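Following my numbering, the numbering of the sequence shown begins with 1 at its first residue and continues without gaps. The structure appears right after this line, and notes come after that.
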Amino acid sequence: MGDFLQAIELQTKSIIIQEKILGYDDPQLAYSYSNLGLYYHQCRYWSKGFEYLNRSKSILQVVSGDEHPDTTSVILNLGLMYQDCDQFGAAIECFTDSLYRNIALYGNTHFQVVQCYQAIAHAYYLQENFRMALEFQEKNHELLKQLVPADSQYLIHSEQQLNNFIELSVQQEKAKQAEKAGQRTIGSNKPSKMSQKQKKLLEEQQRFELQQRETKQGKRRYMARQ
1 MGDFLQAIEL QTKSIIIQEK ILGYDDPQLA YSYSNLGLYY HQCRYWSKGF
51 EYLNRSKSIL QVVSGDEHPD TTSVILNLGL MYQDCDQFGA AIECFTDSLY
101 RNIALYGNTH FQVVQCYQAI AHAYYLQENF RMALEFQEKN HELLKQLVPA
151 DSQYLIHSEQ QLNNFIELSV QQEKAKQAEK AGQRTIGSNK PSKMSQKQKK
201 LLEEQQRFEL QQRETKQGKR RYMARQ
């Protein structure tokens, strides 16, 4: 956390200078606010993280336009922050908003659209809505098959997640049917526990998302230096 606290201090000083030189409605300032929000979030200062990321979004909507790619990117980051706070409904709203915006920007067959499908699927998974997780993972997988080679790690990883969600969805549906029929074991209100294979897939998914986030944050830091 120490590195992020130092980053917060330095970024705050940078923003003060930028406000004096650039004013309060410059895109560069929006990127700096976005970085500051992400730093606060990494330190688990949730309210500050949301405050600065929303400030970044507001500036970009005015200066760059509501349909600009950077505005869409901030909305996706807001979704990831909501997800980290276990506010899955709000996260899914942000991811869905970002999905529609990316489709409008790039069309239906673009990696940004893939990223949104994956984000929505994973949020539904964390919400334990496995049927909806499966629905969006299927969309993610079908689109990936059009964009990457058959031996791509992206496609292999997507297929693993797809099979995982199929299994969990079937388990959940069986549990619901058993509950309706009065055959459910007393004291059990959820599907059977995840297998070791499913836990391993979840860990791989989390590592995969972390790498994506670090790549995104690195891109933002680079943009902030320009």
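Glycine included, C-beta positions come from ideal geometry on N, C-alpha and C. Given the structure is predicted, the values throughout are model-derived calculations rather than measurements.
- A contact is defined here as three or more CB-CB pairs under 8 angstroms, and the region 171-179 fails this definition with respect to the region 134-144.
- By the Cβ-count criterion, ARG131 is exposed, with fewer than 16 other Cβ atoms from all chains shown falling within 10 Å of its own Cβ.
- The C-alpha of TYR117 is placed about 15 angstroms away from the C-alpha of PHE88.
- Residue burial is scored here from C-beta neighbours: LYS57 has at least 16 other C-beta atoms within 10 angstroms and is therefore classed as buried.
- Boundaries for HIS110: no alpha helix (DSSP H) harbours it, and the DSSP string shows neither H nor E there.
- Between the alpha carbons of ASP84 and GLN171 lies a gap of roughly 26 angstroms.
- Under the 10 Å beta carbon count, GLN153 is surrounded by fewer than 16 other beta carbons and is classified as exposed.
- A residue is called buried once 16 or more other Cβ atoms fall within 10 Å of its Cβ, and ARG44, having fewer, is exposed.
- Here LEU105 is not near ASN77, since their CB atoms are 8 angstroms or more apart.
- Burial state of ASP70 is buried, judged by a 10 Å Cβ sphere holding 16 or more other Cβ atoms.
- With respect to the 8 angstroms criterion, ILE75 and ILE92 are not classified as neighbours on the basis of their beta carbons.
- A Cβ-Cβ separation of about 6 angstroms places LEU144 in contact with VAL114 under the 8 angstroms criterion.
- The DSSP-derived three-state label of ASP86 is coil.
- Burial check for TYR125: the Cβ neighbour count within 10 Å reaches 16 or more, so the residue is buried.
- By the 16-neighbour rule on beta-carbons within 10 angstroms, ASN108 is exposed.
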